[in-house]
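Peer 1: Just passing along the structure, written as structure tokens.
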Amino acid sequence: MNRDELAEFLRVRRARVTPADVGLPAGGTRRTPGLRRQEVAQLAGMSIDYYIRLEQGRGPHPSRQVLNAVARALMLGQDERAHLFHLAGQPMDPPRIREDVPQSMLHLIAFLDDVPAYVLDARYDLRAWNPMATTIMGNLDCLAPDQRNVLRWIFMSPDIRLHFDDEEKGAFARASVADLRAAAGRYPGDRRIQALVAELLALSPEFAELWGRHEVQVRREQRKRIHHPVVGTIDTICQVMPVPDRDDLRLVLYTTEPGSPSHRALRELRQHTLSS
Numbered sequence: 001m002n003r004d005e006l007a008e009f010l011r012v013r014r015a016r017v018t019p020a021d022v023g024l025p026a027g028g029t030r031r032t033p034g035l036r037r038q039e040v041a042q043l044a045g046m047s048i049d050y051y052i053r054l055e056q057g058r059g060p061h062p063s064r065q066v067l068n069a070v071a072r073a074l075m076l077g078q079d080e081r082a083h084l085f086h087l088a089g090q091p092m093d094p095p096r097i098r099e100d101v102p103q104s105m106l107h108l109i110a111f112l113d114d115v116p117a118y119v120l121d122a123r124y125d126l127r128a129w130n131p132m133a134t135t136i137m138g139n140l141d142c143l144a145p146d147q148r149n150v151l152r153w154i155f156m157s158p159d160i161r162l163h164f165d166d167e168e169k170g171a172f173a174r175a176s177v178a179d180l181r182a183a184a185g186r187y188p189g190d191r192r193i194q195a196l197v198a199e200l201l202a203l204s205p206e207f208a209e210l211w212g213r214h215e216v217q218v219r220r221e222q223r224k225r226i227h228h229p230v231v232g233t234i235d236t237i238c239q240v241m242p243v244p245d246r247d248d249l250r251l252v253l254y255t256t257e258p259g260s261p262s263h264r265a266l267r268e269l270r271q272h273t274l275s276s
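Written out as structure tokens, the structure reads:
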């Protein structure tokens, strides 16, 4: 159980729920945004003292019943609820991140001639990719293994703005940080996730600001507009799908609408890659 992280998560989420959101009267001037502690306790059906101890990082290990009640009171979404349970030590035996990519998945991405595709682990380390992925992210084969990390690319690479404008890069960064926080909750003992977070907190003010929001959301689909120096703008749908029997691995596909200018741009990009 990570008491400090749990306490901070509860405080941040409480500040984002207004009385109107849960059907309570505003009740005059409030010194802090969001709900009062006693209002959360009332909504969750627990004593105010018990809830205060949770927010102060002390008190007993909360049961699943208590966690469910708090999640309802704070209007947590599915991913946020799962994160709350992980922070509170549920399940007690956290899973281990595996790094082996199934052979069937390697075959699949190799056959996707027109689609940039790669496999990510929970730390955002790239585990496998096809030639089209390198046209979007650069020559991954020339990078050292510790440099093949999408979060380092987002927050530390000087070339990132060659691929995305500020708005697109900001949306990509926010979604990725929220996903990483969910992963940190799922794998609380993973030292490489902890080291990555510590590194980015020290080196990237943008990452530190986003990490401090305590947003939690597993990535599933996101639209991206990519600016490529050879073929121009490509509007894609970034599909993120779990690898079967590998909960810690995700397959990422950059797809386009068939017959669209972006689809033609990807095909042109493939021809350019084959001829270069």
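Residue numbers (the UniProt record's numbering): 1 to 276.
Glycine is no exception: its CB is placed at the ideal position from the N, C-alpha and C atoms.
In this text, all values refer to a predicted model and were calculated from it rather than measured experimentally.
Rank Val115, Ile193, Ser157 and Leu108 by C-alpha distance to the C-alpha of Asp121 and give the top, closest one.
Peer 2: Translated into positions along the sequence shown, residue 121 becomes position 121. That would be Ile193, whose Cα lies nearest to the Cα of Asp121.
Peer 1: What ranges does the alpha helix (DSSP H) occupy inside the UniProt domain "HTH cro/C1-type" (11–81), keeping only unbroken runs of at least 4 residues that lie completely in it?
Peer 2: Counting only runs of 4 or more, we get 37–44, 48–55 and 64–73.
Peer 1: In terms of residue numbering, what span does the alpha helix (DSSP H) encompassing Asp179 cover?
Peer 2: Reading the sequence shown from its first residue, position 179 is the one you call residue 179. Residues Asp166 to Arg186.
Peer 1: Rounded to the nearest angstrom, what separates Asp114 and Ser275 at their Cα positions?
Peer 2: Counted from its first residue, the sequence shown places residue 114 at position 114. Counted from its first residue, the sequence shown places residue 275 at position 275. Roughly 15 angstroms between the two C-alpha positions.
Peer 1: Looking at the structure shown, is Pro242 part of a helix, part of a strand, or coil, going by DSSP?
Peer 2: The sequence position of residue 242 within the sequence shown is 242, counting from 1. Of the three classes helix, strand and coil, the one that applies to Pro242 here is strand, per DSSP.
Peer 1: What residues are listed by DSSP as bridge partners for Tyr118?
Peer 2: On the sequence shown, residue 118 is found 118 positions in, with the first residue counted as 1. Trp129 and Val252, per the DSSP bridge assignment.
Peer 1: With respect to the beta strand (DSSP E) encompassing Gln217, which residues constitute its N-terminal and C-terminal limits?
Peer 2: Here residue 217 is taken as the residue at index 217 of the sequence shown, counted from 1. That residue, Gln217, is in no beta strand (DSSP E); it is neither H nor E in DSSP.
Peer 1: In terms of residues, what are the limits of the alpha helix (DSSP H) holding Pro205?
Peer 2: Here residue 205 refers to the residue found at position 205 when the sequence shown is read from its first residue. It spans Pro205 to Trp211 - the alpha helix (DSSP H) in which Pro205 sits, taken as one unbroken run.
Peer 1: Can you find a CB in chain D that lies within less than 8 angstroms of the CB of Leu203?
Peer 2: The structure shown has no chain D; it contains just one protein chain.
Peer 1: Evaluate contact between the stretch 239–253 and the stretch 137–144, counting only Cβ atoms and requiring at least three cross-stretch pairs below 8 angstroms.
Peer 2: Touching, no.
Peer 1: Between the stretch 2–22 and the stretch 69–86, can you find at least three pairs of beta-carbon atoms closer than 8 angstroms?
Peer 2: The stretch 69–86 is in contact with the stretch 2–22.
Peer 1: In three-state DSSP terms, what is residue 335?
Peer 2: Because the chain is modelled from 1 through 276, residue 335 falls outside the range shown and cannot be assessed.
Peer 1: When the Cα of Leu151 is compared with those of Leu210, Gln78, Glu55 and Val66, which residue comes out closest?
Peer 2: Numbered from its first residue, the sequence shown carries residue 151 at position 151. If we check each option's Cα against that of Leu151, Leu210 comes out closest.
Peer 1: Given a threshold of 16 other Cβ atoms within 10 Å of its Cβ, counted over all protein chains shown, does Gly185 qualify as buried or as exposed?
Peer 2: For the purposes of this step, residue 185 is identified with residue 185 of the sequence shown, where counting begins at 1. With 16 or more other Cβ atoms within 10 Å, it is buried.
Peer 1: Among Arg161, Arg267, His214 and Leu253, whose alpha-carbon lies nearest the alpha-carbon of Phe9?
Peer 2: Locating residue 9 in the sequence shown gives position 9, where the first residue counts as 1. Of the candidates Arg161, Arg267, His214 and Leu253, the one whose C-alpha sits nearest the C-alpha of Phe9 is His214.
Peer 1: I think Thr256 touches Thr236, with their Cβ atoms under 8 angstroms apart; what is that distance to the nearest whole Å?
Peer 2: Within the sequence shown, the letter at position 256 stands for residue 256. Within the sequence shown, the letter at position 236 stands for residue 236. 6 angstroms between Cβ atoms; contact.
Peer 1: Quick one: any contact between the stretch 176–185 and the stretch 213–232, if contact means 3 or more CB pairs under 8 angstroms?
Peer 2: Yes: the two stretches touch, three or more of their Cβ pairs being nearer than 8 angstroms.
Peer 1: Would Val230 and Ala117 qualify as a contact pair, given that the criterion is a beta-carbon distance under 8 angstroms?
Peer 2: Within the sequence shown, the letter at position 230 stands for residue 230. Within the sequence shown, the letter at position 117 stands for residue 117. Taking 8 angstroms as the Cβ cut-off, Val230 and Ala117 do not qualify as a contacting pair.
Peer 1: Which whole-angstrom value describes the C-beta separation of Thr2 and Leu67, a residue pair presumed to lie in contact below a C-beta threshold of 8 angstroms?
Peer 2: In the sequence shown, counting from the first residue as 1, residue 2 sits at position 2. In the sequence shown, counting from the first residue as 1, residue 67 sits at position 67. Here residue 2 turns out to be Asn, not Thr, going by the sequence shown. That belief does not hold up - the Cβ atoms of Asn2 and Leu67 are roughly 14 angstroms apart, past 8 angstroms.
Peer 1: Give the straight-line distance between the Cα atoms of Asp93 and Met156, rounded to the nearest whole angstrom.
Peer 2: Against the sequence shown, residue 93 aligns to sequence position 93. Against the sequence shown, residue 156 aligns to sequence position 156. Low per-residue confidence applies at Asp93: pLDDT is 46, beneath 50, and the placement is therefore not dependable, though the value from the model is reported in the following sentence. Answer to the nearest angstrom: the Cα atoms are 33 angstroms apart.
Peer 1: Tell me whether Asp247 is buried or exposed, calling it buried when 16 or more other Cβ atoms sit within 10 Å of its Cβ.
Peer 2: In the sequence shown, the residue the question calls residue 247 occupies position 247. Flag for Asp247 reads exposed.
Peer 1: Only counting the same chain, and skipping five residues up and downstream in sequence, which positions put a Cβ closer than 6 angstroms to that of Glu80?
Peer 2: For the purposes of this step, residue 80 is taken as the residue at position 80 of the sequence shown. So the list reads Val216, once near-sequence residues are dropped.
Peer 1: Could you give the C-beta distance for residue 280 and Tyr124, rounded to a whole number, given that I count them as a contact under 8 angstroms?
Peer 2: Here the chain comprises residues numbered 1 to 276, so residue 280 is not present and cannot be evaluated.
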